[in-house]
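Heads up, the thing below is written out as structure tokens.
Residue numbers (the working numbering): 205 to 398.
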């Protein structure tokens, strides 16, 4: 890895990756994100750009948010997020789990299992208090821990230049792929290697 300097990851440079985000949000949240990535051993150029592009795909406005109701999580006329209820792949085991463990934060952490697993890694009980996933410092730690849990595969995808595969490792599909690719390419141009 090159000698990447996190001090070069300035709000001004990052703003090019987030054309729809207010500058004050970037200035407010970027230090938390960079600190969490560095603490998780992900402070190198590839993983910083990966993290920022993930935020661009998940929460375009560069702030932790809760998932919105959509056709992917709510049946027509159904309870919000009920399509996530009883989804074993998410670790949801009961009615109401879908809404309780909907996507939150910078990475849109979703499902009881992810809330439990990532919460344990960062030392926060997210199962008892899922809303904490939207607290800025906690959301930054969740992002870093989530990426660290898939680090080897993400690095392999990035090394091949396969941004779609890198995105799928985070999202499980291709949601936000266009935003992710655009932000990643912009970040690669804006953030110097040394």
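Quick reminder that beta carbons are idealized off the backbone N, C-alpha and C, glycines included.
If we count the other Cβ atoms within 10 Å of its Cβ and call it buried at 16 or more, is residue 334 buried or exposed? In the chain shown, the residue the question calls residue 334 occupies position 130. With 16 or more other Cβ atoms within 10 Å, it is buried.
On the three-state DSSP scale, how would you describe residue 205? Counted from its first residue, the chain shown places residue 205 at position 1. In this prediction, residue 205 scores a pLDDT of 43, lower than 50, which makes its location untrustworthy; no coordinate-derived value is stated.
Would you kindly report the start and end of the unbroken alpha helix (DSSP H) that includes residue 221? Start at 1 with the first residue of the chain shown, and residue 221 comes out as number 17. Taken as a continuous stretch (DSSP letters only), residue 221 belongs to no alpha helix (DSSP H), as it is neither H nor E.
Return the first residue and the last residue of the alpha helix (DSSP H) that residue 288 is part of. On the chain shown, residue 288 is found 84 positions in, with the first residue counted as 1. Counting along the chain, residue 288 falls outside any alpha helix (DSSP H), and DSSP gives it neither H nor E.
Between the Cα of residue 327 and those of 317, 315, 346 and 311, spot the shortest distance and give me the residue it belongs to. On the chain shown, residue 327 is found 123 positions in, with the first residue counted as 1. It is 346.
Quick check on residue 387 - is its C-beta less than 8 Å from some C-beta in chain D? Within the model displayed, chain D is absent; a lone protein chain is all it includes.
Please list the terminal residues of the continuous alpha helix (DSSP H) segment that includes residue 341. Here residue 341 corresponds to residue number 137 of the chain shown, with the count starting at 1. That run of the alpha helix (DSSP H) goes 340-352.
Whole-angstrom distance between residue 280 and residue 253, CA atom to CA atom: Residue 253 sits at position 49 when you count from the first residue of the chain shown. Residue 280 sits at position 76 when you count from the first residue of the chain shown. For residue 253 and residue 280, the distance between alpha carbons rounds to 37 Å.
To which residues does DSSP link residue 269 through a beta bridge? Taking the first residue of the chain shown as 1, we reach residue 269 at position 65. Answer is 309, bridged to residue 269.
Coarse secondary structure for residue 283, derived from DSSP in three states: Walking along the chain shown from the start, residue 283 turns up at place 79. If DSSP states are grouped into helix, strand and coil, residue 283 belongs with coil.
Going by DSSP in three states, residue 275 sits in which element: helix, strand or coil? Residue numbering aside, residue 275 sits at position 71 when the chain shown is read from its first letter. Looking at residue 275 - three-state DSSP - the assignment turns out to be coil, as it is neither helix nor strand.
In three-state DSSP terms, what is residue 366? Position 162 of the chain shown, counted from the first residue, corresponds to residue 366. Three-state DSSP puts residue 366 in coil, outside helix and strand.
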